[in-house]
Each structure stands twice: as C-alpha cells, then as structure tokens.
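A quick write-up on the structure given underneath.
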Amino acid sequence: MGRPTTSSLPEGAPQDSLTVRDNRTGKVYTIPIEDNAISAMAFKSMTSPRKPGEREENETEKGLRVQDKGFLNTAVIRSEITYIDGEAGVLRYRGYPIEQLALKSSHLETAYLLIYGSLPTKEQHRFFESEVMRHSVMHADSEGFFRSFRYDAHPMSMLTSAFAMLGSYYSEANPSLQGQRLYTKGDAASLATMDRQIYRLIGKSITLAAMAYRVRQGRNFVTPPTGLSYTGSFLYQMDHLGEENYTPNPVLEKALDVLFLIHADHELNASCTTVLQTGSSLVDPYSAIAAGCASLYGPLHGGANEAVIRMLISIGSPENVPAFIEAVKKREKTLSGFGHRVYKTSDPRSFIVRKTADEVFKVTGKDALLETAMALHDAAMKDEYFIKRKLAPNVDFWSGLIYRAMGFPLDFFPVLFAVPRVVGWLAHWRQMMLQEGGVKIWRPRQVYVGSGKRDYVPAEERVAVEGLRQTPSKVEHGGITKRTMLATFKERSKL
65 MGRPTTSSLP EGAPQDSLTV RDNRTGKVYT IPIEDNAISA MAFKSMTSPR
115 KPGEREENET EKGLRVQDKG FLNTAVIRSE ITYIDGEAGV LRYRGYPIEQ
165 LALKSSHLET AYLLIYGSLP TKEQHRFFES EVMRHSVMHA DSEGFFRSFR
215 YDAHPMSMLT SAFAMLGSYY SEANPSLQGQ RLYTKGDAAS LATMDRQIYR
265 LIGKSITLAA MAYRVRQGRN FVTPPTGLSY TGSFLYQMDH LGEENYTPNP
315 VLEKALDVLF LIHADHELNA SCTTVLQTGS SLVDPYSAIA AGCASLYGPL
365 HGGANEAVIR MLISIGSPEN VPAFIEAVKK REKTLSGFGH RVYKTSDPRS
415 FIVRKTADEV FKVTGKDALL ETAMALHDAA MKDEYFIKRK LAPNVDFWSG
465 LIYRAMGFPL DFFPVLFAVP RVVGWLAHWR QMMLQEGGVK IWRPRQVYVG
515 SGKRDYVPAE ERVAVEGLRQ TPSKVEHGGI TKRTMLATFK ERSKL
C-alpha cells in the first residue's frame with residue numbers, strides 16, 4: 065500500500081483514500097485505501113512533538129501507533145484462501161461455498177483446493193492422495209516416544225509434542241540447517257521440498273493422533289493400512305485389534321470426512337495466526353504446526369466442543385435447562401457452543417454438522433444428551449437475552465454430540481479438530497512463504513504504560529510492595545517436599 069501524503073482537504077469526486085487531520089499538529093494526511101484497507105504503517109509518519117509533562121515512553125516523536133487489543137480489526141496478511149462474512153453467515157474456501165464442498169467434495173480434495181488454489185482433476189487428486197497416504201507411516205522410533213508418556217496424558221499434549229518431534233527426523237526440512245530461503249525461493253527445488261513436508265504433515269497427522277489414542281487405550285500401535293480413505297485409515301489405526309479384513313463403518317467414515325472438511329480452515333483464527341507468527345521466524349514447518357496445535361488446545365478454541373459436552377452433562381436433563389439458562393444470564397454458568405468471534409448470525413457449518421449428526425445417530429442410536437441439547441438450543445433461540453447478543457449455535461455445539469455418539473472420549477475431541485486443521489495451517493503457511501516481497505517476522509507493537517525511568521534501590525532500603533498481583537503466591541506443599549522442608553541437613557541455612 066502507498067505512503068500517506070500531506071495535503072489540503074480533497075475536493076470533487078470520491079477518492080480511494082482516507083483523509084486524516086492530526087489535531088495535535090494541524091497536518092492533514094491522505095492515506096490510500098486498497099481493498100477496503102489502509103496500511104497501519106501510514107500512521108507512523110504522523111509524528112508530533114512531545115507535550116510538556118508527557119511520558120517519553122509514549123514515543124510521540126516516533127509516530128502514531130494503532131492499538132487493537134485482540135486483533136479485532138487488524139489485517140496482518142493478504143490472503144486468497146478463505147473468506148468469511150460473519151454478518152451473513154458465509155464461509156467459502158477459495159470462493160467455493162462450504163455447503164457445496166461438504167455435499168460434493170472430500171477432505172483431501174478440499175485440502176488440495178486450500179493449499180494449491182483450485183479443485184484437482186481426477187489424476188491430480190489421485191497423485192495428491194497417494195503421496196499423503198504414502199507418507200502416513202511413522203518411523204519405528206516414534207513408538208518409544210509415545211510410550212514415554214504417562215498412561216493418562218492428555219492426547220493433545222501428546223499430539224503437540226509429536227509434531228515438534230517430527231521436525232527432528234527431517235534435517236532437509238529445517239531452514240536453520242539448509243538456509244533461511246529454503247521455502248521462500250519459489251523455484252522447483254524449493255517447492256518440491258515444501259510439498260514433501262506438506263505430504264508428511266497431512267499424512268502423519270492421523271497416525272500421530274491414532275497413536276496418542278492407543279496409548280490411552282493401552283493398545284499396540286497399528287501400521288497405516290493400504291487401500292482405505294484418509295478417514296478410513298484413521299479409524300482403522302485407532303480401532304483395529306487384529307480382526308481379518310477389518311473395515312470401518314462407511315457412515316462413520318463419511319461423517320468424519322465431512323467434519324474434517326468443514327474444520328480444515330477458518331481464516332486467521334487463533335491457531336492459524338500462531339502458526340504464521342511462529343513460521344514468520346522461518347522455523348521448520350513441524351515446529352510451526354506444533355505451535356498451532358498448542359494454541360488450538362485452549363478451551364476458547366479447539367477445546368470448545370469438549371466444553372459443550374461437559375456443559376450438557378452438568379445440565380443433566382431437559383427439565384433443568386430453564387434453570388441453567390437463568391444461571392447463564394446471571395453469569396453464574398458458562399454457555400458453550402453458542403456465539404462466535406466472527407459469526408454474528410448462525411455458523412454455516414452448524415447446519416452441515418446437524419445434518420451429519422442425523423446420519424450418525426441412525427447408525428449409533430441417539431446420544432443420551434441429544435434431548436438436553438435440543439431443549440437448550442430451542443430455549444436459547446427463543447430467549448431475547450441470547451437473540452440480542454446474537455448467540456446462535458456454532459459448529460462446536462453439534463460436533464461434540466457426533467464425536468460422543470461415535471464413541472470418542474471427551475479429551476480426544478480437540479485432537480479431532482487439530483488433525484483436519486493441519487491442512488488450513490499449511491495452506492496459510494505456504495502462502496506466507498511464497499508471498500510477494502518475502503517473509504517479514506511478525507513483531508507487534510505495544511503501548512507501554514508501566515513505570516517511567518527509576519533508579520535501582522538497595523535491598524535494605526526497599527519498602528515491601530504488597531498485593532495479590534504484586535507478590536508471588538504461597539502454595540501448599542505435601543509429601544516428600546513437606547518432609548524435606550522440615551528436615552535438617554548440611555547447609556540448610558543457605559536454602
């Protein structure tokens with residue numbers, strides 16, 4: 065985007081620009097508008113002398129800063145991948161409505177679309193699927209890695225660690241070892257190296273997830289089979305116990321594929337932003353994906369569908385819904401599965417998931433919590449409190465019920481989110497690596513509001529600062545730590 069210019073107020077026909085008057089100095093700036101966006105750097109040229117008594121930490125002479133807590137209205141990248149209109153409830157991958165893709169496409173076909181920009185031909189799809197599935201097999205050493213976790217370790221902790229572990233196997237994929245332009249050159253060799261890592265990460269994500277699952281189940285690991293679909297292979301690796309000609313149920317296989325497809329990308333959500341923030345340092349893609357996985361782990365993001373089930377369990381039965389609704393209004397309870405950071409109307413994915421749920425329930429039987437979920441859904445949709453706040457059901461409200469009906473444990477729900485989201489993370493990472501002008505490390509600014517310059521005070525002259533947030537918390541010790549603290553031993557006085 066162009067730089068701002070100082071000028072008098074424009075006259076005549078409308079212009080693709082924004083005119084800003086800095087009342088501190090009286091200067092008028094004209095800032096170009098491109099694609100309904102302005103450059104935040106344009107404000108850096110708006111300098112002003114520091115007022116008498118103003119804090120030097122404001123850095124007034126160095127230009128105006130744009131403050132946007134939580135990135136509510138800050139665009140950090142130009143993207144061709146996913147479009148969301150939160151007000152209209154629209155979600156499109158590369159221009160294709162999510163409703164059409166969920167009905168007609170598959171997860172891997174859509175993965176190709178997200179990463180490479182177009183729907184593949186039959187031959188292109190066969191090649192891509194073959195490469196992904198061929199790269200799903202793990203090194204034998206990975207078994208020892210997974211066995212090193214406690215039996216009750218959370219599967220998302222294992223998966224996050226496993227993605228980082230993968231990076232140690234492929235030195236040719238590490239820009240720190242091969243040169244920082246490994247992925248940014250854009251030539252044939254660079255693209256081939258990039259694609260190889262994409263195949264590996266998409267292919268191995270289902271294997272890593274299945275291994276995390278089987279650790280929790282106390283089962284031996286399963287080598288990825290041949291001849292099955294992506295989600296079919298995933299279900300096989302989780303559930304096969306040596307049965308001959310074992311084939312996952314086709315309804316569950318298809319349902320999981322649809323869920324993977326609609327969860328594959330969602331623009332610059334928290335985890336995708338984390339991947340790009342990490343990737344902007346030109347770290348290897350395995351480390352960047354591990355960072356995204358850690359971000360997805362949080363209950364405000366990938367853990368939301370798990371939170372929905374725990375909420376429904378706490379409600380218990382439909383007759384308890386009115387009391388729960390009132391408790392939510394009083395802020396005594398937390399409502400999960402409603403509302404969205406982007407969507408201000410219904411989440412378009414929720415309709416797809418609701419239809420998928422019906423197909424799954426025909427095979428598995430209705431989940432015991434379904435009636436409670438329906439009662440909560442109906443009550444919230446009719447209540448003015450929720451209508452005014454635009455708290456409509458989102459994708460997490462129904463997906464958790466499907467996962468539960470399919471027999472997945474609650475703490476595995478975030479894993480079922482992370483596996484397909486690897487595709488979206490890689491699409492955005494690849495786009496950033498190949499963007500015009502190269503990669504700039506992401507380094508947000510801050511507005512410093514802390515103490516001004518102050519001199520060091522010797523310990524004996526200091527006055528204690530008290531307060532809950534100003535002092536370290538005291539914690540209770542038990543077991544061996546408590547006994548050790550009560551014991552006496554040499555040089556105890558120095559501790």
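Residue numbers for the sequence shown follow the numbering used here, so the first one is 65 and each next one is one higher. For each residue, glycine too, the CB sits at the ideal point set by N, CA and C.
- Query: Do you know how far the Cα of Gly401 is from the Cα of Glu370?
  - Reply: 10 Å
- Message: Based on DSSP bridge pairs, tell me the residues matched to Pro457.
- Response: Phe402
- Message: By alpha-carbon positions, which one of Ala104, Gln244 and Ala444 ends up nearest to Ser345?
- Response: Gln244
- Could you tell me if Gly380 is buried or exposed, where buried requires 16 or more neighbouring beta carbons within 10 angstroms of its beta carbon? exposed
- Beta-bridge pairing of Leu155 - partner residues as DSSP gives them: Ile148
- State the start and end residues of the unbroken alpha helix (DSSP H) segment that holds Pro96. Where Pro96 is concerned, there is no enclosing alpha helix (DSSP H), although the beta strand (DSSP E) it sits in stretches over Lys91 to Pro96.
- Query: Cα-Cα, which of Gly117, Asn100 and Leu299 is closest to Leu480?
  - Reply: Leu299
- Task: Label Leu559 either buried or exposed according to how many other C-beta atoms from any shown protein chain fall within 10 Å of its C-beta, with 16 as the threshold for buried.
- Result: Residue placement at Leu559 is flagged as unreliable, the pLDDT there being 48, under the threshold of 50; the coordinate-derived value follows with that caveat. Under this definition Leu559 is an exposed residue.
- CB Gly429 to CB Ile373, shorter than 8 Å? no
- Query: Does any residue of chain C bring its CB to less than 8 Å from the CB of Glu390?
  - Reply: The chain inventory of the structure shown lacks chain C, comprising one protein chain alone.
- Out of Tyr467, Ala273 and Leu433, point me to the one whose CA is closest to Pro382's CA. Leu433
- Query: Would you say Ile294 and Leu172 are within 8 Å of each other, going by their C-beta atoms?
  - Reply: The amino acid occupying residue 294 in the given sequence is Tyr; Ile does not appear at that position. Contact: yes.
- Neighbourhood of Ala228 by C-beta distance below 7 Å, restricted to the same chain and skipping five residues each side: Tyr350, Ser351 and Ala354
- Task: State buried or exposed for Leu340, treating a residue as buried only when at least 16 other CB atoms are found within 10 Å of its CB.
- Result: buried
- What separation, rounded to the nearest whole angstrom, lies between the Cα atoms of Asp475 and Asn458? 20 Å
- Item | Three-way DSSP call (helix, strand, coil) for Leu73 in this model | Caution applies to Leu73, whose pLDDT of 49 falls short of 50 and renders its modelled position unreliable; the value that the coordinates give is listed next. Of the three classes helix, strand and coil, the one that applies to Leu73 here is coil, per DSSP.
- Compare the Cα-Cα distances from Leu177 to each of Ala204, Ala166 and Ile145 and report the closest residue. Ile145
- Message: Within 8 Å, do at least three Cβ pairs link the stretch 238-254 to the stretch 176-190?
- Response: no
- Query: When DSSP labels each residue in this structure, what does Thr436 get in the three-state scheme?
  - Reply: helix
- Item | CA-to-CA distance, Trp462 to Ala421, given in whole angstroms | 7 Å
- If we count Cβ pairs, one from each stretch, closer than 8 Å, do we get three or more for the stretch 441-448 versus the stretch 385-398? yes
- Query: Would you report the Cα separation of Asp431 and Gly514, rounded to the nearest angstrom?
  - Reply: 53 Å
- Is Pro412 closer than 8 Å to Gly153 when the C-beta atoms are compared? yes
- Query: Roughly how many angstroms lie between the CA atoms of Leu108 and Gly267, to the nearest whole one?
  - Reply: As written in the sequence, residue 108 is Lys, which differs from the Leu given in the question. Cα to Cα, the separation comes out at about 45 Å.
- Message: According to DSSP, is Val529 part of a helix, a strand, or is it coil?
- Response: coil
- Locate the alpha helix (DSSP H) running through Thr342, then write down its first and last residues. Ala334 to Gly343
- Val511 in three-state terms, based on DSSP: coil
- Query: In angstroms, rounded to a whole number, what distance separates the CA positions of Asp519 and Arg526?
  - Reply: 12 Å
- Just checking my contact of Leu360 with Pro484 at CB under 8 Å: how many whole Å lie between their CB atoms? Contact flag wrong, Cβ pair sits at about 11 Å.
- Message: Measuring straight from C-alpha to C-alpha, what distance separates Val322 and Ala166?
- Response: 6 Å
- Task: Have a look at Ala226 and Met438 and give me their C-alpha separation to the nearest angstrom.
- Result: 38 Å
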